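Protein chains in written order, with our numbering: chain L, 1 to 120; chain R, 121 to 410.
Worksheet for the structure shown next.
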C-alpha cells in the first residue's frame, strides 16, 4: 500500500503530499503523523500540498484534524503551497481552516515555524 | 416553420430560373432606393450577392423539399447567415439587413402576376406560398443579425470583466487589486481566481484589495470579499482591504457584517505602508537636498 513519507528536519516534521489523496491514505497519514510527533517530540509540522490538485470536504476536514491533533501534542502545523483552485474549493465548501497556519512555499513555511518556535 | 407544397416549391424554382435576370434587375433597383447603403457596400458586390442568393434559393426550391429547416435549404440559410453577419459588422441597421430579403417580394410578385394574372385563385395561392417563403427567409436574416450583435455584446462583456480585474504588483511580494464597479458572483469568481493565480506567480505574501471603486457594499459583496480573503489566507498570503469610504463603513456596521478578522484600511496608501511594514521595508526621507 502506498504511504505518504514523513521526513524529520531537526525539530520539525515535513510531509509532502504528492499523490491524489483518498480517504484511506488520509486516515493512514493521520495515524502515522501523530505517532511520529509523539516519538520525535517535534515542535512543528509542515505539510506541503503544492501537488495536490483536488480536495473534497473529507480531506479538508482531515487537514483541520491534523492541525488540531498536532496542537494537542504541542506541535504547530503549517500548510504550504495550496493551489488557487484548492483554496477556492475549500472556501466554497465552507472550510476556512481557522486553526491552520499557511504559507506560500516550503521556505516561507519553515521560516514561520522557526520564528514561532523561537518565540516559545 | 413554413411548409409549402412541393408543387409550389417547384413553381418558385421555375420562376426564379426562368426570369432570373429580370428579377435580379428589379430587385437591385428596388434596393438602390432606401436600403442600399452606397457608403457601406458597392453596387457590383451587392449585385453579385443577389445573383448568388437567387441561384441558391432556386436550387433549394428545385429539390422539391418544402420545409425551410431541412438540409436542402441549408445553403440558403448558410448564405443568409453569412450576409447578415457581415452586415452586422459593417454597420447596417437591422431593418436594412432584413430589407435585403423583403425587397425581393416586389419583383417576385410582379412575375407571379404576369404568369397567373388570369387565374385569381392560382395567383392567390402561389402569392401566399411565396410570401411565406420570403418572410421566413427575412425573419431568419433578422434573427442571425441579432445573434451576431448579441455575441458581440457578450464578447465585450467578457473583455470588460477581464479589463476590470487587473492585479498590479506594488512591491516585491506586495500585490494590489483595484476593484472598480459592482461585485457579483461571476465577477468575484474571476477576481478571486486572478488574484490567487497572481499570488502564486509572483510569490507575494501580501495582497491589497482596494474597493475605492466599488459603489456599494452589501452583505453579498462583503461575503464575496471575505471568501477571497479566506482563500488567499489558505494559500499563505495576507489580505488587506483598503479604500473603505465612510458611507461604506457605516453600511457595513449597520448591516452587522463581521469584518473583524480582516485588516481594513481607509486608503490604499495606508494599506501599502502597512504592507511595507509587514515586509520589513522602511523608507527614510533624504534630508540632504543637492
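By construction, the Cβ of each residue, glycine as well, lies at the ideal position given by its N, Cα and C atoms.
The model shown is predicted, which means the values in this text are computed figures rather than measured ones.
Backbone secondary structure at residue i - three-state DSSP
i: residue 54 of chain L; result: coil
i: residue 327 of chain R; result: strand
i: residue 115 of chain L; result: helix
i: residue 167 of chain R; result: helix
i: residue 20 of chain L; result: coil
i: residue 8 of chain L; result: strand
i: residue 402 of chain R; result: coil
i: residue 103 of chain L; result: strand
i: residue 97 of chain L; result: coil
i: residue 41 of chain L; result: coil
i: residue 396 of chain R; result: helix
i: residue 132 of chain R; result: helix
C-beta neighbour in chain L for residue i, strict 8 Å
i: residue 225 of chain R; result: no
i: residue 128 of chain R; result: no
i: residue 397 of chain R; result: no
i: residue 289 of chain R; result: no
i: residue 323 of chain R; result: yes
i: residue 411 of chain R; result: Because chain R spans 121 through 410 in this model, residue 411 of chain R falls outside it and cannot be assessed.
i: residue 382 of chain R; result: no
i: residue 313 of chain R; result: yes
i: residue 316 of chain R; result: yes
i: residue 264 of chain R; result: no
i: residue 228 of chain R; result: no
i: residue 347 of chain R; result: yes
i: residue 369 of chain R; result: no
i: residue 339 of chain R; result: no
i: residue 285 of chain R; result: no
Distance, residue j Cα to residue i Cα
i: residue 289 of chain R; j: residue 324 of chain R; result: 9 Å
i: residue 20 of chain L; j: residue 399 of chain R; result: 34 Å
i: residue 360 of chain R; j: residue 384 of chain R; result: 6 Å
i: residue 208 of chain R; j: residue 219 of chain R; result: 13 Å
i: residue 12 of chain L; j: residue 35 of chain L; result: 14 Å
i: residue 121 of chain R; j: residue 96 of chain L; result: Low local confidence applies: a pLDDT of 43 at residue 121 of chain R is under 50, so the model's placement there is unreliable, and no value is given.
i: residue 354 of chain R; j: residue 44 of chain L; result: 18 Å
i: residue 430 of chain R; j: residue 161 of chain R; result: With chain R covering only 121 through 410, there is no way to say anything about residue 430 of chain R.
i: residue 247 of chain R; j: residue 273 of chain R; result: 39 Å
i: residue 117 of chain L; j: residue 76 of chain L; result: 9 Å
i: residue 315 of chain R; j: residue 17 of chain L; result: 25 Å
i: residue 318 of chain R; j: residue 275 of chain R; result: 24 Å
i: residue 24 of chain L; j: residue 3 of chain L; result: 10 Å
i: residue 100 of chain L; j: residue 78 of chain L; result: 6 Å
i: residue 227 of chain R; j: residue 215 of chain R; result: 19 Å
i: residue 66 of chain L; j: residue 326 of chain R; result: 26 Å
i: residue 77 of chain R; j: residue 241 of chain R; result: It is not possible to answer for residue 77 of chain R, since the shown part of chain R is limited to 121 through 410.
i: residue 211 of chain R; j: residue 166 of chain R; result: 15 Å
Of the listed residues the options, nearest to residue i (C-alpha basis)
i: residue 189 of chain R; options: R:150, R:394 and R:197; result: R:197
i: residue 411 of chain R; options: R:330, R:277, R:229 and R:210; result: Residue 411 of chain R lies beyond the residue range present for chain R, which begins at 121 and ends at 410; the question has no answer from this structure.
i: residue 38 of chain L; options: L:102, L:8, L:115 and L:62; result: L:8
i: residue 320 of chain R; options: R:295, R:301 and R:340; result: R:295
i: residue 40 of chain L; options: L:105, L:74 and L:25; result: L:74
i: residue 340 of chain R; options: R:175, R:367, R:356 and R:306; result: R:306
i: residue 352 of chain R; options: R:363, R:335, R:313 and R:366; result: R:313
i: residue 128 of chain R; options: R:139, R:171 and R:253; result: R:253
Within-8 Å CB hit, residue i to chain R
i: residue 104 of chain L; result: yes
i: residue 108 of chain L; result: yes
i: residue 15 of chain L; result: no
Which runs of the beta strand (DSSP E) fall wholly inside the stretch 44-92 of chain L and span at least 3 residues, in chain order?
-> 44-48 and 76-80
Would you list, in sequence order, the uninterrupted beta strand (DSSP E) runs of no fewer than 3 residues that lie entirely inside the stretch 249-337 of chain R?
-> 288-291, 294-300 and 326-333
Going along the chain, which residues of the stretch 80-100 of chain L sit with their C-beta nearer than 7 Å to a C-beta in chain B?
-> Absence of chain B from the displayed structure is noted, the protein chains being L and R.
Run through the stretch 335-395 of chain R for me and flag every whole alpha helix (DSSP H) of 4 or more residues, listed as ranges in chain order.
-> 339-355 and 366-375
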